[in-house]
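Those protein sequence lines, which keep their order, are chains A and B.
Each residue of the first sequence is one higher than the one before, counting from 1445 in this note's numbering.
Each residue of the second sequence is one higher than the one before, counting from 152 in this note's numbering.
Glycine residues also receive a C-beta, built at the ideal position from the N, C-alpha and C atoms.
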Amino acid sequence: MQRGHYKIFLGMAAGVGKTYRMLQEGHAEAETGRDVAIGYLEPHKRQETSDQARGLEVVPRRSVPFRDVVVEEMDLPSVLARGPALALIDELAHTNPPGLEHEKRYEDIADVLAAGIDVFSTVNVQHLESLNDSVAELTGVRVRETVPDSVLGTADEVVLIDLTPEALIARLRAGKIYPGENIQAALDNFFRIENLAALREVSLRQVAEDVETKRLTLHRVEPVGTREERVAADAPRAVGERLLALVRPRPSSQRLVRRAWRSAQRLGTDLDLLWVKPPGRPIEGEEERQVTALRQLASVLGATLLIEEHDDLVAAAARVIRERGSTYIMIGESTPPRGLARLRTPLPQALMRATPPGVDVRIIAHRGQKEGES
Amino acid sequence: MIEHFLVGLALLLGLGGGYLLARTQWSGKRSERPEEVHQILLPFTGTEISRRAVDAALRLARAEGATLMPAYLAAVPKQLPLDCAIPAEAAKAMPLLEAIEQRATAQRVSVDARIERGRSYRHALARLLDRERFDRVVVPATADAGGGLSGDDLIWVLEKAPAEVLILRPGPEDTRFVIGS
Chain A
1445 MQRGHYKIFL GMAAGVGKTY RMLQEGHAEA ETGRDVAIGY LEPHKRQETS
1495 DQARGLEVVP RRSVPFRDVV VEEMDLPSVL ARGPALALID ELAHTNPPGL
1545 EHEKRYEDIA DVLAAGIDVF STVNVQHLES LNDSVAELTG VRVRETVPDS
1595 VLGTADEVVL IDLTPEALIA RLRAGKIYPG ENIQAALDNF FRIENLAALR
1645 EVSLRQVAED VETKRLTLHR VEPVGTREER VAADAPRAVG ERLLALVRPR
1695 PSSQRLVRRA WRSAQRLGTD LDLLWVKPPG RPIEGEEERQ VTALRQLASV
1745 LGATLLIEEH DDLVAAAARV IRERGSTYIM IGESTPPRGL ARLRTPLPQA
1795 LMRATPPGVD VRIIAHRGQK EGES
Chain B
152 MIEHFLVGLA LLLGLGGGYL LARTQWSGKR SERPEEVHQI LLPFTGTEIS
202 RRAVDAALRL ARAEGATLMP AYLAAVPKQL PLDCAIPAEA AKAMPLLEAI
252 EQRATAQRVS VDARIERGRS YRHALARLLD RERFDRVVVP ATADAGGGLS
302 GDDLIWVLEK APAEVLILRP GPEDTRFVIG S
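So, in structure tokens, the structure goes:
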């Protein structure tokens, strides 16, 4: 059976509208004639959320005794028995009481997906295991219910529900997130502008990284077919610009790096620096000093320095270009070839031939006395 | 005819031998040269640098066949890791380094630029002095009390830098030649 499609609505904090958006999209799916059911909904006594759920079928919850109380939980067997085309299951990070099928709700969701049912679910960024510490450090609030980051990785789609901290605080003040008596306490503790700004940044980064990971892994193709076919299959991976500068451990490369970095800044993209080192030769003396300098410069600029040992510059560069999804290659001006080297294909042309179509190659000229100074 | 050929051959052999001998002696002389650092450091901060300081450093570098190392010193706030990326500081440094490099190229002086991080300007300079070797350090003193290396920093450079130190006092004719973005 084919696994269901998994879509996660990720937010920076409670109240940004994850559940609301999930229900909205659920309605939209139902309107197209799909069989949609709510597997579990946590409206948090929010009127807007409850209103949005109206009209969608709800699979009844089950009552589970836990310590001295009875809690209401998602009824996994009922959801599976009902078997809708799409199940809306809120709060995937939730921990189930003992005695149920699984300890965590994301594990219940895995069963639903395995049954071929599509799932929409929600989670806040601070529930992700790897971010739990940093979020706790940023906000002073640690959540107990965490989920492995891989859960996000299993989603086919991650939708970030973004809201400015100011707008979220306005929603809180308007009583749209917590009841009146809890508003001031929330404002004094978790819902501070600086906390929310930090969480928003973490969420945006998380989604950006997720997009990047999926781009590099899910769409990887096997190297079959002609070069043109492989290239065509690879091309959709390069959805954004990514710069790669071919450098050597020499002072003259610094200008190339500076130019490349400024281009990367203008394009709002990442910069990789690649040095293809001849194999078998140790890095020592002046070369070592220059490699250190390049490494330092890359670190200052937030660029990545890659050192590949290979005797064929073009082959090594082409491989890295494919792996990194580079769309823009910058190289320094070569010295005029002498003797038999004149017969060789010049580096820019060789790179153009070896890389996927759409990859631009730009040559940065040696520093000349072209402009006067003020 | 044969005599002419032999004379020509002897001349060719003589010239060839002379060339090889001269080449051997020249390379021998080169290898006998003591290893010297030949590097001049020009540390600076902020978004502008004195033209006089750059020109003085370039004159020295040209006279001594040395490489000029203009180094932008960046202070990294304590709440950030010392090795973090500093794009805003780098954006300030870039036009200055470009301008210095352009001026150096015009005077046929080789340049090896740096951007150095530290908790303070002095700390950044100390890190650079630890890592690299210099013959001279040219420090442009600034008339602006709020920016650049302080008086204490200059005294520290004089005491600690393992090189000859030139501190250039800003003069009335000292026009700033680059202003970073």
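Query	Result
Enclosing beta strand (DSSP E) for Asn1568 of chain A [first to last residue]	1562 to 1568
Test item: CB-CB of Gln258 of chain B and Leu209 of chain B under 8 Å	yes
Within chain B, partners of Leu1749 of chain A - CB distance below 9 Å	Within 9 Å Cβ-Cβ: nothing; Leu1749 of chain A doesn't reach chain B, min ~12 Å.
Closer than 8 Å to chain A by CB, Val288 of chain B	no
Below-8 Å beta-carbon distance, Leu1745 of chain A vs any chain B residue	yes
Any chain B beta carbon closer than 8 Å to Ala1759 of chain A	no
Boundaries (first-last residue) of the alpha helix (DSSP H) holding Gln1468 of chain A	1462 to 1475
Proximity below 8 Å, CB of Ala292 of chain B to CB of Leu317 of chain B	no
Straight-line gap, Leu1784 of chain A to Pro1722 of chain A (C-alpha atoms, nearest Å)	20 Å
Pair within 8 Å by beta-carbon distance, Val290 of chain B and Val308 of chain B	yes
Any C-beta of chain A under 8 Å from that of Val262 of chain B	yes
Residue range of the beta strand (DSSP E) that includes Pro1509 of chain A	1506 to 1510
Nonlocal neighbours in the same chain, by C-beta distance under 6 Å from Glu1473 of chain A, ignoring five residues either side	Val1480, Leu1530
Rounded straight-line distance, which links the Cα of Met245 of chain B to that of Ile266 of chain B	9 Å
8 Å Cβ cutoff met for Val1764 of chain A and Leu1795 of chain A	no
Below-8 Å beta-carbon distance, Lys1462 of chain A vs any chain B residue	no
6 Å Cβ shell around Ala1445 of chain A - same chain, five flanking residues per side excluded	Note on residue identity: the sequence assigns Met, not Ala, to residue 1445 of chain A. Here the set comprises Gly1560.
Reduced DSSP secondary structure (H/G/I, E/B, other) of Ala225 of chain B	strand
Within 8 Å, strictly: CB atoms of Leu247 of chain B and Tyr272 of chain B	no
The alpha helix (DSSP H) enclosing Ala1737 of chain A, as first and last residue numbers	1729 to 1745
Contact residues within the stretch 237 to 264 of chain B, judged by C-beta distance below 8 Å to chain A	Ile237, Pro238, Glu240, Ala241, Ala242, Met245, Leu248, Glu249, Ala250, Glu252, Gln253, Arg254, Thr256, Ala257, Ser261, Val262, Asp263, Ala264
Buried versus exposed call for Asp234 of chain B [16 or more other C-beta atoms within 10 Å across all chains shown]	exposed
Where Ile1637 of chain A falls, given that 16 or more other Cβ within 10 Å makes a residue buried	exposed
Cβ-based neighbour list, Tyr1550 of chain A, same chain, cut-off 6 Å, excluding 5 preceding and 5 following	Leu1536, Val1591, Val1595
Residue span of the beta strand (DSSP E) that contains Gln190 of chain B, given as start and end	190 to 195
Simplified DSSP assignment, three categories, for Leu211 of chain B	helix
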